[in-house]
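Step one of this worksheet: look at the structure below.
Numbering (full-length UniProt numbering), first residue to last: 1 to 280.
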């Protein structure tokens, strides 16, 4: 069965697109197309031949799958709770079965900041609210916003299947402040030459996921246009065009209740420190 070699499992809205773009510069790396095939989480029933087709060079030394839904998992201690949020698919087990020597990269961001960023992303293109939003109320309304920021719950699901040496844990804050240092660590973890990853940035690589504007929706509907673009442009260029031309803007919103929201993540943060040595 076919499998990727490297899994950039999250967290969503924590710099995974930037890291994937930089990894894609290495001649030894083949990124999946799309960047997030979500095979082991949402599309497992399509089969491994379909997964293989998301890689242009299935024979590359390192094939990279950067699906952040791989850390949208229901915590192990709540798997039997039918009302609990999160995916119940056995994603870590599925990966381990076909890629026991896989390397896994997990980028973590301040969970409150991540939740606010994710909310804006989900509601891009919508009218901004008339006033501030209570962040605790937002988390209550969409439990997945909180779940994805409970990193220890996700890490423990993976540590049950993979030994600690198969992981590289990173912080979004370090990526934003010391990108060359983080990229060098990533290259060494994957046994790659860091030089291609450290070349000066020429385009905005920070965000690739986007919603469609009117122009984007029209382009999607016109027969042949989407596939013509896909055939003629590399993934990084397509992503840049989509980001500049097609993306719907995120609503401008102020949040209140930051401290109360942060309390929800306090115990998980302590566990992250115990598991990884990182403060998030």
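For each residue, glycine too, the CB sits at the ideal point set by N, CA and C.
Exercise. Would residue 111 be called buried (16 or more neighbouring beta carbons within 10 Å of its own) or exposed?
Worked result: Numbered from its first residue, the chain shown carries residue 111 at position 111. So residue 111 counts as buried.
Exercise. Can you list, in chain order, the residues of its chain whose CB lies under 8 Å from that of residue 258, leaving out five sequence neighbours each side?
Worked result: As a working mapping, residue 258 is identified with position 258 in the chain shown. Taken in chain order, the residues that qualify are 112, 135.
Problem set entry | Run of the alpha helix (DSSP H) containing residue 167, from where it starts to where it stops | Residue 167 sits at position 167 when you count from the first residue of the chain shown. Segment 167-171 is the beta strand (DSSP E) holding residue 167; no alpha helix (DSSP H) there.
Exercise. Taking the C-alpha atoms as reference points, what is the distance between residue 245 and residue 77?
Worked result: Residue 245 sits at position 245 when you count from the first residue of the chain shown. Residue 77 sits at position 77 when you count from the first residue of the chain shown. Reliability fails at residue 245, whose pLDDT of 47 lies under 50, so the model's placement of it is uncertain and the value that follows must be treated cautiously. The straight-line gap from Cα to Cα measures roughly 43 Å.
For this session: Using alpha carbons as the reference points, say which of 20, 15, 14, 41 lies closest to residue 6.
Result: Counting from one through the chain shown, the residue named residue 6 turns up at place 6. Ranking the options by Cα distance to residue 6, first place goes to 20.
Exercise. For residue 116, which of helix, strand or coil comes out of DSSP?
Worked result: Here residue 116 refers to the residue found at position 116 of the chain shown. Reduced to three states, the DSSP call for residue 116 is helix.
For this session: Counting only the same chain and skipping the five closest in sequence on each side, list residues whose C-beta sits under 6 Å from that of residue 155.
Result: Reading the chain shown from its first residue, position 155 is the one you call residue 155. Taken in chain order, the residues that qualify are 275.
Exercise. Does DSSP classify residue 1 as helix, strand or coil?
Worked result: What you label residue 1 is simply residue 1 of the chain shown in a count that begins at 1. Note: residue 1 maps to coil in three-state DSSP.
Exercise. With which residues is residue 47 paired in a DSSP beta bridge?
Worked result: As a working mapping, residue 47 is identified with position 47 in the chain shown. According to DSSP, which records beta bridges pairwise, residue 47 is partnered with nothing at all.
Exercise. Considering only residues of the same chain and omitting the five flanking positions on each side of residue 157, which have a CB-CB separation below 7 Å?
Worked result: Residue mapping note: residue 157 aligns to position 157 of the chain shown, counting from 1. Setting aside the 5 residues that flank it on each side, residue 157 is surrounded in the same chain by 73, 76, 92, each with a C-beta closer than 7 Å to its C-beta; the list follows chain order.
Exercise. Would DSSP call residue 189 helix, strand or coil?
Worked result: Translated into the one-based positions of the chain shown, residue 189 becomes position 189. Residue state, collapsed to three classes: helix.
Problem set entry | Same chain only: Cβ atoms within 6 Å of residue 123, ignoring 5 sequence neighbours per side | Within the chain shown, the letter at position 123 stands for residue 123. Only 251 meet the Cβ criterion.
Exercise. According to the Cβ coordinates, are residue 62 and residue 26 closer than 9 Å?
Worked result: Residue numbering aside, residue 62 sits at position 62 when the chain shown is read from its first letter. Residue numbering aside, residue 26 sits at position 26 when the chain shown is read from its first letter. Cβ atoms of residue 62 and residue 26: closer than 9 Å.
Exercise. Using the beta-carbon count (16 or more within 10 Å), is residue 165 buried or exposed?
Worked result: As a working note, residue 165 is residue 165 in the chain shown. Under this definition residue 165 is an exposed residue.
Problem set entry | Secondary structure of residue 8, DSSP reduced to three states | Counting from 1 along the chain shown, the entry for residue 8 is found at position 8. In the structure shown, residue 8 sits in a strand (DSSP, three-state: E or B).
For this session: Please classify residue 21: does DSSP put it in a helix, a strand, or coil?
Result: In the chain shown, residue 21 corresponds to position 21, counting from 1. The answer is helix: DSSP assigns residue 21 an H, G or I state.
Problem set entry | Limits of the alpha helix (DSSP H) - the one that residue 42 falls within | Walking along the chain shown from the start, residue 42 turns up at place 42. Run containing residue 42: none; DSSP gives neither H nor E here.
Exercise. CA-CA distance, residue 260 and residue 15?
Worked result: In the chain shown, residue 260 corresponds to position 260, counting from 1. In the chain shown, residue 15 corresponds to position 15, counting from 1. Looking at the two C-alpha atoms, the distance is approximately 25 Å.
Exercise. Does the beta-carbon of residue 208 have 16 or more other beta-carbons within 10 angstroms, so that it is buried, or is it exposed?
Worked result: Position 208 of the chain shown, counting from 1, holds the residue named residue 208. Low local confidence applies: a pLDDT of 44 at residue 208 is under 50, so the model's placement there is unreliable, with the coordinate-based value given in what follows. Label assigned to residue 208: buried.
Problem set entry | Reduced DSSP category for residue 159 - H, G, I as helix; E, B as strand; rest coil | Counting from 1 along the chain shown, the entry for residue 159 is found at position 159. Residue 159: helix per DSSP, three-state reduction.
Exercise. For the candidate residues 146, 58, 119, 173, whose alpha-carbon lies nearest to that of residue 71?
Worked result: Position 71 of the chain shown holds residue 71. Among 146, 58, 119, 173, the Cα nearest to that of residue 71 is on 146.
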